[in-house]
Amino acid sequence: MKEDQRTRLSKQMLRNALIELLKEKSINKIFVREICSKAEINRTTFYKYYGRPYDLMKDIENTLYEELSHEVGDSKSCLMQTMRFIDKNADTFRLLEKNNVDPMFPQKIQNIPEIKEILEGVSKSEKFSGFGSYAYEFIVSGGYGVVRNWLNKERRESPEEIAEYLYTLFYSIK
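Below, the structure is given as C-alpha cells:
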C-alpha cells in the first residue's frame, strides 16, 4: 500500500529530526519528545509510525538501503554509483555507523545483487582458491574498512577517486 503525501512528509520530518539530534548525542540518549519537538510533530503521530527512536533509526537505514539499491546499475559502474550515493548521504551514513544500532546494516548493503556480484567475483578468483568464505570475508571487511575510513576523513578524496581505488584493490588481487 502506497503512503500518502502527508504520511511521507511526517516520516521525513521525523527522520530529519533524528538525524539532527544524532549530531549532538547518541541514539540511546534521545527521547521521543525531543524528536517530536525538533520535527514539530505531535507524539501521537510519532507513535502512529514508530514505537521508539530505534525503530525510526531502522527506518532511516531501510530508506538509505532502498535508495542505494535503486541507484546502482550494472557491475561496471556499481562502485562509482555506490560511492557517489554514500558521499551524497555522508552525514547520515556517518551517524548510522557511529551509532551502530543495526550491526547488520553494512552486510545488508553488501548483499545488494550488483555489489555482491563484485565481491563474490573477486573472492572466487584463482588467487583465493581453497579459501572460500575466508576470502569473501577478507574482501568485504577490507572494502568496508576503506569506505568507513574514507567516510570519516575530514578532507577526503572524491567518490570517483575512492571508487577507482577500490576497483584497483579488488581487481589487482583477482
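Each residue of the sequence shown is one higher than the last, beginning at 800 in the working numbering.
Here a beta-carbon is modelled for each residue, glycine too, at the ideal position from N, C-alpha and C.
Boundaries for Tyr849: no alpha helix (DSSP H) harbours it, and the DSSP string shows neither H nor E there. An exposed status is given to Thr967, since fewer than 16 other beta-carbon atoms sit within 10 Å of its beta-carbon.
For Ser868, the CB contacts under 7 Å within the same chain, skipping 5 residues up- and downstream, are Ile911 in chain order. Straight-line spacing of the CA atoms in Leu817 and Tyr943 works out to 25 Å. For Val871, no alpha helix (DSSP H) encloses it, and the DSSP letter there is neither H nor E. Between the region 876 to 883 and the region 954 to 961 there are three or more C-beta pairs closer than 8 Å, enough to call the two in contact. Between the region 889 to 898 and the region 821 to 832 there are three or more inter-stretch CB-CB distances shorter than 8 Å, so the stretches are counted as touching. DSSP places Ser809 in the uninterrupted alpha helix (DSSP H) bounded by 804 to 821. In this structure, the beta-carbon distance from Ile859 to Arg807 does not fall below 7 Å. If you draw a straight line from the Cα of Leu878 to the Cα of Tyr935, it is about 17 Å long. Of the other Cβ atoms in all chains shown, fewer than 16 fall within 10 Å of the Cβ of Met903; this residue is therefore exposed.
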